[in-house]
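Shown next, in structure tokens, is the structure this report addresses.
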Amino acid sequence: EAGVTQFPSHSVIEKGQTVTLRCDPISGHDNLYWYRRVMGKEIKFLLHFVKESKQDESGMPNNRFLAERTGGTYSTLKVQPAELEDSGVYFCASSRGETGWFFGSGTRLTVV
Amino acid sequence: GENVEQHPSTLSVQEGDSAVIKCTYSDSASNYFPWYKQELGKRPQLIIDIRSNVGEKKDQRIAVTLNKTAKHFSLHITETQPEDSAVYFCAASNQGFKTIFGAGTRLFVKA
């Protein structure tokens, strides 16, 4: 089966600009998660979708981050306006339920 | 808040030796503990997991142990090989939803 795909793989934007990251989960996986790893630190949870509903968005750092999953398929994570501290690798993962998550390759975001 | 502490942050072993990575979690409701391996430039991949009703699980050269009382779980890699070199992440999860990752351990296996 196809894996979790993320686009773009890299993005370099200026402070104040907007960036939208996309994640296509494995087909049939209702659970979709966004994580972020900053400066080689731990992978931090951002939010969790079950189908199109936000199950848990307690990890979202502030209101500059907006995640959507219309139709319960792919998801987007928009950062607007981007700040320097938003730089990092953004991972998406999906799962059917409680079993291990399948990760995408990540989007490396650099805000300059 | 809940957290997962992972040690060591860096581990260097000689090929053929064993490597042990330890994690401690704080959320007593955690009941699922996966381990991920991330090779340079690649995505994190699940290598082994354990549920709270099991104390130990083994898969070839990899084993994971869980001590629920002490809230510790560990990854053991025996007969290490150069291709085991990677960053390893532990995680603690409550019903697969609230998941907290450790900071990662960079393992170097010297040939």
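Residue numbers (the numbering used here), protein chains in the order written: chain L, 1 to 112; chain W, 1001 to 1111.
Think of the CB as a built atom: it goes at the ideal place given N, C-alpha and C, for glycine as much as any other residue.
Note that the structure is a prediction, hence the values are computed from the model and not measured.
- Per DSSP, R37(L) is one residue of the beta strand (DSSP E) stretching across 31-37.
- Cα atoms of S95(L) and K51(L): separation of roughly 11 Å, rounded to the nearest angstrom.
- Taking a C-beta cut-off of 8 Å against chain L, the contacting residues of the stretch 1018-1044 of chain W are Y1032, P1034, Y1036, K1042, R1043, P1044, listed in chain order.
- Of all alpha-carbon atoms in G104(L), Y74(L), T76(L), the one lying nearest the alpha-carbon of C92(L) is that of G104(L).
- In terms of Cα proximity to T1024(W), the closest of T1069(W), I1050(W), Q1006(W), L1011(W) is Q1006(W).
- Using a 10 angstroms sphere on the CB of Q1038(W), the tally of other CB atoms reaches 16 or more, which defines it as buried.
- In the DSSP annotation of this structure, N1031(W) is not part of any beta strand (DSSP E), being labelled neither H nor E.
- DSSP lists C23(L) as the beta-bridge partner residues of S75(L).
- By the 16-neighbour rule on beta-carbons within 10 angstroms, G1104(W) is buried.
- In the DSSP annotation of this structure, the continuous segment of the beta strand (DSSP E) that includes N1094(W) starts and ends at 1086-1094.
- The C-alpha of Q17(L) is placed about 34 Å away from the C-alpha of R1106(W).
- Only residues of its own chain outside the window of five on either side were considered, and among them S1018, A1019, R1061, I1062, D1084 have a CB closer than 7 Å to the CB of I1077(W), listed in chain order.
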